[in-house]
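*Asks:*
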Amino acid sequence: MSELIPKQLLHLVFGGELVAPDRIEFKDLSKLDIVGIYPNYKSAHEAWRAKAHASVDNAQMRYFVVHIHHLLDPDSP
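End of the sequence shown sits at 863 in the working numbering; the numbers just go up one at a time, nothing left out.
1. For D814, which option in R848, E789, H853 has the closest C-alpha, if you only look at C-alpha atoms?
2. To the nearest angstrom, how far is the alpha carbon of Y824 from that of V852?
3. How would you write the range of the alpha helix (DSSP H) that L798 sits in, first residue to last?
4. Classify I823 as helix, strand or coil using the three-state DSSP reduction.
5. Is the beta carbon of V799 less than 8 Å from the beta carbon of A830?
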């Protein structure tokens with residue numbers, strides 16, 4: 787009997803300090819915080835939440851979750 791391996795839905799979590807809170811433009815690209823790549827949205831969201839909460843005192847610091855699997859296979863639902 788073969789086990790079903792869940793499909794990898796890769797997600798990237800990263801962040802950095804923005805030029806202004808209302809724009810997605812980073813002050814310094816060399817200082818981006820690459821948190822990691824995760825195999826599913828749930829684990830990526832947990833990492834994002836931890837980093838976002840840790841940086842709550844800096845209004846210009848933002849973290850994002852990028853759905854890499856959509857970039858790798860744009861025709862997938």
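For every residue, glycine included, the Cβ atom is placed at its ideal position computed from N, Cα and C.
*Replies:* According to the structure data:
1. Ranking the options by Cα distance to D814, first place goes to R848.
2. Answer to the nearest angstrom: the Cα atoms are 10 Å apart.
3. Not the alpha helix (DSSP H): L798 falls in the beta strand (DSSP E), residues 797-803.
4. DSSP places I823 within a strand segment (E or B) once states are collapsed to three.
5. The answer is yes: Cβ separation under 8 Å.
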